[in-house]
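Residue numbers (the numbering used here): 9 to 1172.
Quick notes on the structure that follows.
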């Protein structure tokens, strides 16, 4: 199927990469829309709407050859009712300039009369121009300024697919509608390689061109339609441009490194707007909606799959001027700003929620039927202040359902199920849904029915759908036996990716009721046996006009039709009809067959010019053929040249609530239509019926056409703002179709009815956060939303207890509609309670909110050596401190399952001797940090506390790596002095200052078990040796040149030399007596503290009230509060621990048996 193919492979490749001129009804990924844009290096820079830059197109070619031109005035061959009439041509060849060939025609039986042809016969004036020297160029971008301008610009390029860059380019300009072209390479710079061409949509005289970034980064600017250019260097590589819809000099530029720039002088100077911008997710202000015209709507990526909606001014997008209009994060590639609406999407726990802002009001959640459970949503259209959305429901895999909203875009009702969808070349979703131009409420859609795709039509904006009737005869006049619903006409509704082909279906606002489309007749839509079909009465009847696929355009403001065969072979004929496709005249537009790559025209112009561009062979140069079709007409249309026709739906004259009569040119008249003639002759409102209304939210249409409530919907529910003594409009289940002009006569059956309000107790109270998250950062504002399903809202008070000792009360629930903000200063889990109450009852609900702060650092504190069979305390310290908002995962040894706790300390018993790795992971939200330590497990060992000369403290950075390195140095020094193998020594430095360490003396691993007693004695001997050496100052090491550090003994600790027995010595007994004495003294002071005058007691009442914390599991109301200020910080705890060690020293040679434990320093 490739009429527009030249060098088939290259053309196909270019069209795959093209993403331009998408119709408004093509949907993109995430929440997307007709205004959404995708950008790629080889794609056309033609925007989908008029604000997008570059009315230009890329086609692929692989041609070379000689330059030639022709100018021809051609006669016609009329085809009507199967009759052909022959035309003979006499050619005169010219070799001067580019004038090339000139032809004159004569009819059969007439003598040649040179140039004196019969001017009353329809004719075309054509001229051809070849772009000399560009035969190797394989891409072209063509632009016609339009609006009666005679200027055409063509950029041809040689794109090297191996290098991925443009290596050559030529710029051509015509100022006579394409009769001749001038090469402008000298004006832009002979060495300049151009990559893209953009045109300002609000001033077609302003042109911007980009140089290839591989050569230089610059923009070339013209204000006179390319007659002259100024070059300005830029510091970034442009990936796409977006022009302002009203200000011709304002441009947004998106770079390859995801940065957005703005210019207010048409590209001469650029300023950074924002970085980390998602591609295609930036939008200019919509005039009349945004207060400032320089506002930019941006989606910025902040993490994988997460983004923020940012609104700021293009030239002043500082942090102070940014607005974050959506509370919380949104999904990436979900922001769509289109007309009056802003859409976005948020996915949580695997389910997506969709939000809309109408007229720039606060965002509201889009309400689909309760059990629709959407997996995906795409915005199709926002025309006429109404949203059309394609929704993939939970039970759909390859189809979507069509939903239509109310004006604010919040409440949606089902219109059509199982829409056919496909994927475009870039993976974008394409929905088979087409809006017919010129007829309000008329749409076409392809629906999957019993595994067959069929085409349906609606005249009332989706309230009823019907199959298309097949033509009565084929193109040859043979009868077609096709009876609905078993057989019908099916149409291809895809929109053309190429802006210079018509696509499979076309209609035009200036000629309402005429639709031309590619399709087939049968039980289902097929790609075989395709033909061209036309309707001139808005789809009530159809005729076949060709039995092959053609591209068809509207000429003369819709008064004429142009058809070109869609084939992979070169052609030299085109077809034109002046009577709605009933009769076609064949015209020869080229003496040699041409591979047509595209057709360029200005449909709303009075100049009647068409430009064909293509090539004669696979090695020829680009050929541009100008065709002036004014010779088809004899005069401008007068009043007598028109006739009327009535719009109807299978005989029903009331369509969209009114009877409309349209005007059109009488078939066969060869007069030119004016742009401003009125198409609508008369309009008369009709009496409303059920099909002038769509079913309201929560209602479904039955087979008899009436709307009834869905099983999940309560039609008797009233608005929460309705108070006793007031009244409200209660839905009858019907919602008038927007743009429908029917009038209700007599009793209003369908419109909402006024109903009195009654007092009701609050019911269905619900408390949520504005972002939907159940966690927040400490110090940030949290917005709480209080929802009441039913109740007398104006007379219902609500109290919100934030759980931190602060409560707030509203006497009227409606005052809290915008949310209630509160900031928490401390981390923790807070129990937030909402209670609603009026004179008839009350209701309450609870929300548990996690307040966290980022975890910056974790430190695992464990003993270097532990006793087998005895509990060992494992503690992790977290900075900054958190209160029961963290989860701890403990991996010990080779265990495949972790121990999970909510506290930062556990006790663990090691059952086997050896080395065990302990790893703790601390999870805070999506952030996970970890720390690991090795613990040597022995049945018995000895340990000594060490201290160092003060010099070491001056060089202590207090990091783990430094402590490990110093420990190894001390271990080596001790081994060398005492002659003890390093395998029996371990040294562990403690964090903090002053620098201290612990020496562990381990038994020889080669000692048999039966010699344990001897080994214990050996360890005691080694310990005594170390005590003696350390006391004499014989252990030292060199920290660096000139810096010597001495090692001393601080305290001899108690280590288990036997499994469970105690060695009773005189020193040990003395220690026990001292401990008992201190305990009795402490008890005495505590018991009689109020009677001892010199002891000052600070009561709890003198302290400032602290926030109330709750457990992660439960908390009773009568539980006592814990004052967090009483807990020491990690640093204070470590210092107190070190001081305690020093104060508790009872002598360097004391024999004791202890299990070394580190305290838990995490606030809980």
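Using N, Cα and C, we set each Cβ at its ideal position, and we do this for glycine too.
In three-state DSSP terms, what is residue i?
i, result
"residue 300", "coil"
"residue 635", "strand"
"residue 329", "helix"
"residue 583", "strand"
"residue 709", "strand"
"residue 1013", "coil"
"residue 1040", "coil"
"residue 738", "strand"
"residue 391", "helix"
"residue 690", "strand"
"residue 898", "strand"
"residue 210", "coil"
"residue 397", "strand"
"residue 104", "With a pLDDT of only 27 at residue 104, under 50, the local geometry of the prediction cannot be trusted, and the value read off the model is given with reservation. Coil at residue 104, not helix or strand."
"residue 193", "helix"
"residue 1079", "Only weak support exists for where residue 1079 lies, its pLDDT of 45 falling under 50; the value from the coordinates is given anyway. In this structure, residue 1079 counts as helix in the three-state DSSP scheme."
"residue 649", "helix"
"residue 353", "strand"
"residue 172", "coil"
"residue 881", "strand"
Would you kindly check if the distance between the Cβ of residue j and the Cβ of residue i is under 8 Å?
i, j, result
"residue 250", "residue 263", "no"
"residue 842", "residue 804", "no"
"residue 659", "residue 693", "no"
"residue 581", "residue 558", "no"
"residue 873", "residue 944", "yes"
"residue 634", "residue 175", "no"
"residue 268", "residue 229", "no"
"residue 795", "residue 835", "no"
"residue 412", "residue 398", "no"
"residue 293", "residue 283", "no"
"residue 376", "residue 420", "yes"
Would you list the one or two residues that DSSP bridges to residue i?
i, result
"residue 425", "None, per the DSSP bridge assignment."
"residue 644", "680"
"residue 241", "226"
"residue 249", "261"
"residue 1048", "1051"
"residue 420", "413"
"residue 793", "776"
"residue 702", "743"
If contacts are defined as beta-carbon pairs under 8 Å, then residue i and residue j qualify, I think. What distance do you get, rounded to the angstrom?
i, j, result
"residue 964", "residue 915", "Actually they are not in contact, since the Cβ atoms of residue 964 and residue 915 sit about 30 Å apart, beyond 8 Å."
"residue 870", "residue 941", "5 Å"
"residue 462", "residue 451", "15 Å between Cβ atoms; not a contact."
"residue 516", "residue 445", "6 Å"
"residue 908", "residue 895", "7 Å"
"residue 477", "residue 496", "7 Å"
"residue 1258", "residue 418", "Residue 1258 cannot be examined here, being either before or after the span of the chain that is shown, 9 to 1172."
Determine, using beta carbons only, whether residue i comes closer than 8 Å to chain B.
i, result
"residue 427", "You won't find chain B in this structure, because it holds only one protein chain."
Quiz item: Are the stretch 743 to 763 and the stretch 817 to 835 touching by the rule of at least three beta carbon pairs closer than 8 Å?
Solution: no
Quiz item: Is the stretch 343 to 361 in contact with the stretch 380 to 391, if contact means three or more CB pairs nearer than 8 Å?
Solution: yes
Quiz item: Using 8 Å as the threshold, is the stretch 151 to 166 in touch with the stretch 177 to 193, meaning 3 or more CB pairs across them?
Solution: yes
Quiz prompt | Meets three-Cβ-pair contact criterion under 8 Å: the stretch 994 to 1009 and the stretch 947 to 967 | solution = yes
Quiz item: With a cut-off of 8 Å, do at least 3 Cβ pairs link the stretch 273 to 280 to the stretch 205 to 218?
Solution: yes
Quiz prompt | At least 3 beta-carbon pairs within less than 8 Å: the stretch 522 to 540 vs the stretch 705 to 714 | solution = no
Quiz item: Pairing CB atoms from the stretch 591 to 607 with CB atoms from the stretch 522 to 535, are three or more of them under 8 Å?
Solution: no
Quiz item: Counting Cβ pairs, one atom from each stretch, are 3 or more of them under 8 Å apart for the stretch 767 to 786 and the stretch 847 to 856?
Solution: yes
Quiz item: Are three or more beta carbon pairs between the stretch 337 to 350 and the stretch 309 to 325 nearer than 8 Å?
Solution: yes
Practice problem: Could you tell me whether the stretch 631 to 647 touches the stretch 137 to 153, using the rule of 3 or more Cβ pairs below 8 Å? | Solution: yes
Quiz item: Counting pairs of beta carbons, one from the stretch 681 to 688 and one from the stretch 555 to 572, are three or more of them closer than 8 Å?
Solution: yes
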